[in-house]
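So the structure is just underneath, and the comments pick up after that.
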Ligand SMILES: *[C@@H]1O[C@H](CO)[C@@H](O)[C@H](O)[C@H]1NC(C)=O
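Residue numbers (mature numbering (1 follows the signal peptide of the UniProt record, and there is no 0)): -24 to -1, 1 to 610.
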């Protein structure tokens, strides 16, 4: 047993040395679009999202997206009204709402000319709405040729230039804190690359938004005056003129690497630190578990077996005492097996998604590909869930197989669906565009009932045909009495104690994941993420086995549920960390935002609990079987 752990540790070490992933790695998406001179360049607008303000200790103030064409914003609309662009499932789920726009952009034309987009009147009521959004640091998100419009920023630590996606709706810094200025002018810089004469490719889009006050009826020279920004009065009507100026700049960046500037990894050292931290934890654990399970257990085994030989009638001790109990049917095998089945389905999904990400298939230009791959994987792995659930169920002595298959296919999706549905209500009531549209909901239900559930039933059938796992020792007729167990092995104490290690291995990386989930920072350090996930899985498995060993030594033989709970212990830490993140990094000002955050956090913790609980349970099941098949029992 210890040998396989050492092997796993070694493998981890080798993987790490193979990992030059301080740079984001991806395969470019579709083929490049070659523009001829004068060809129309489409500019698409996406939903407005709250952004982290530039300064240090910036806090996210909201979690609610708004449609670009939300009538309260009064942005200029294209002739004939805006049209929705087709999007992938994952892109919709992650809040993209892409429309066309009235900007008139032609390749290499109109260099440096100031143009008026339109003039609008904003009522006092809507001015207040806009001002509130500026105070919450909302950002505009544009897409041009698959690239997001960005603000150029400098990484203060390294001095590197990078592109921060999105740009400010307005300015509320410093003296503008109470009277925010609306940005009504956009300096748009297109960086283009010319691989061959006559062929141009867009390799970067930068926007410098500015606020131009004064008369909104005459077109000046588009130069903002520091002293007269455009401030919307919340009493009475405001005239607003939207202007823009395009500059074409040649660039050496080839099309294939155009995303590199966007996928800036802040301080890669932190990722390395996190990784080393995790590796230390794992090596430490491997050694500990290896030692305990190898030394103690093999000594135990040889002593147990020796005693039996030298007919000395001696009392058994330790975990051998409960050999007639360990495979006793646990309480509620139905619920346990359903949890394990669904956990296994999620594990398979996470694993395959990470492999896809590592191989670079989740190109950033293919928006929402991560979420799409996850949904598709989850659907297709329905069979895995059904199979594992039904095998575990029969092995635990369950009899009602059809009920088991039915519950495995329906309970978890129903719970997740219910939570998402509730969060959706909050989004709708907040007037947000982030609510999942009805059609998408329907598509998800079809994926679930049409593909995942039938696959799960087929898996259940196969699992039932394979039958129960055989156990190495028989179960006694009469249950043993369970003595008082030490306090650190009480369920809650053990769960929290055991959860510290996997959580500790992951929490630095977790910070980045949280930032990308909630503060819409791009996350492409998938190499680090995959390794961290591997480390967490390994840690969860070893820690759970270790605690189960202690438990059995303390003659507490009801390990099934305890293994699941101990494995899932890190989810409670995740929940606590989420609350801490909320308190320290976010300052959400509306009730809906807080409810949304808590809802997503709960969902995340629930899925984490299932995944790690399943890993813990299955690893322990394997270990317990190995343990008890090694001793002789008369
Ligand atoms: C556009 O103007 C800028 C300066 O205003 C200049 O650097 C750039 O080369 C011009 N681009 C083209 C295509 O003429």
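Glycine included, every Cβ here is placed at the ideal spot set by N, Cα and C.
These numbers come from a predicted model, not from an experiment.
- Task: For the alpha helix (DSSP H) containing residue 557, list its first residue and its last residue.
- Result: Its alpha helix (DSSP H) spans residues 545 to 561.
- Within the chosen definition, does the region 503 to 515 reach the region 433 to 447 through at least 3 CB pairs nearer than 8 Å? Contact fails: fewer than three Cβ-Cβ distances are below 8 Å.
- Measure the alpha-carbon distance for residue 564 versus residue 26 and round it to whole angstroms. C-alpha separation (whole angstroms): 11 Å.
- Taking DSSP as the reference, what is the three-state secondary structure of residue 323? helix
- Query: Between the region 370 to 378 and the region 304 to 315, do three or more beta carbon pairs fall short of 8 Å?
  - Reply: yes
- Message: Please report the distance separating the alpha-carbon of residue -10 from that of residue 326.
- Response: Note that residue -10 scores 43 on pLDDT, short of 50, meaning its location in the model is unreliable and no value can be drawn from it.
- Could you pull out every residue in the same chain whose Cβ sits closer than 7 Å to the Cβ of residue 318, ignoring the five residues on either side in sequence? 361, 384, 388, 586
- Message: For residue 94, tell me which candidate among 462, 464, 80 has the shortest Cα-Cα distance.
- Response: 80
- Please classify residue 209: does DSSP put it in a helix, a strand, or coil? coil
- Task: Determine the burial state of residue 170: buried for a count of at least 16 other Cβ atoms within 10 Å of its Cβ, exposed for fewer.
- Result: exposed
- Message: Shorter than 7 Å, the distance from the beta carbon of residue 435 to the closest heavy atom of ligand 1, or not?
- Response: no
- Quick one: is residue 536 buried, meaning 16 or more other Cβ sit within 10 Å of its Cβ, or exposed? buried
- Item | Complete alpha helix (DSSP H) runs within the region 228 to 290 (minimum length 4 residues, chain order) | Those alpha helix (DSSP H) runs which fall completely within the region 228 to 290 and span 4+ residues are 244 to 267, 273 to 285.
- What whole-angstrom Cβ distance do residue 59 and residue 75 have, given they're in contact under 8 Å? 6 Å
- Message: So, at 6 Å on beta carbons, what are the nonlocal neighbours of residue 588 in its own chain, with the 5 sequence-adjacent residues on each side left out?
- Response: 516, 543, 544, 546
- Integer Cβ distance of residue 10 from residue 234, believed to fall under 8 Å: No, residue 10 and residue 234 are not in contact; Cβ-Cβ is about 14 Å, not under 8 Å.
- Task: Going by CA-CA distance only, name the one from 128, 337, 182, 523 that's closest to residue 471.
- Result: 523
- Message: Between residue 304 and residue 533, how many whole angstroms is the CB-CB distance? I'm expecting something under 8 Å.
- Response: 7 Å
- Message: I'd like the list of long-range same chain contacts for residue -8, defined as Cβ closer than 6 Å, with 5 residues on each side in sequence excluded.
- Response: Model confidence at residue -8 stands at a pLDDT of 41, short of 50, so the residue's coordinates are unreliable; what they give is reported in the following sentence. Here the set comprises nothing.
- First and last residue of the uninterrupted alpha helix (DSSP H) at residue 138: Run containing residue 138: none in the alpha helix (DSSP H); it sits in the beta strand (DSSP E), 137 to 141.
- Cβ of residue 224 versus every heavy atom of ligand 1: is any distance shorter than 7 Å? Yes, the Cβ of residue 224 comes within 7 Å of a heavy atom of ligand 1.
- Query: Taking 7 Å as the cut-off, is the CB of residue 88 close to at least one heavy atom of ligand 1?
  - Reply: yes
- Does the region 349 to 358 come close enough to the region 420 to 427 to have 3 or more Cβ pairs within less than 8 Å? Contact between the region 349 to 358 and the region 420 to 427 is present, because at least three Cβ pairs lie under 8 Å.
- Which value, in whole angstroms, describes the spacing of the CA atoms of residue 462 and residue 492? 42 Å
- Message: So, for residue 332: in the same chain, excluding its five sequence neighbours on each side, which residues have a beta-carbon less than 7 Å away from its beta-carbon?
- Response: 338, 349
- Query: Taking buried to mean at least 16 other C-beta atoms within 10 Å of its own C-beta, is residue 88 buried or exposed?
  - Reply: So residue 88 counts as exposed.
- If you pair each beta-carbon of the region 187 to 199 with each one of the region 38 to 58, do three or more pairs fall below 8 Å? no
- Message: Going by beta-carbon coordinates alone, are residue 142 and residue 156 separated by less than 8 Å?
- Response: No. Outside cutoff.
- Task: Buried or exposed for residue 452, please, with buried defined as at least 16 other CB atoms from any protein chain shown within 10 angstroms of its CB.
- Result: Residue 452 is exposed by the Cβ-count criterion.
- Using the C-alpha atoms, what's the distance from residue 39 back to residue 414? Each residue's Cα considered, the two are about 21 Å apart.
- Cβ pair residue 601, residue 455 closer than 8 Å: The beta carbons of residue 601 and residue 455 sit no closer together than 8 Å.
- With distances taken Cα to Cα, identify the nearest neighbour of residue 148 among 163, 137, 109. 109
- What three-state label does DSSP hand residue 400 in the structure shown? helix
- Message: Once DSSP output is grouped into helix, strand and coil, what is the label at residue 147?
- Response: strand
- Task: State the Cα-Cα distance for the pair residue 61 and residue 84, rounded to the nearest angstrom.
- Result: 25 Å
- Item | For residue 180, the residue or residues it bridges with in DSSP | 167
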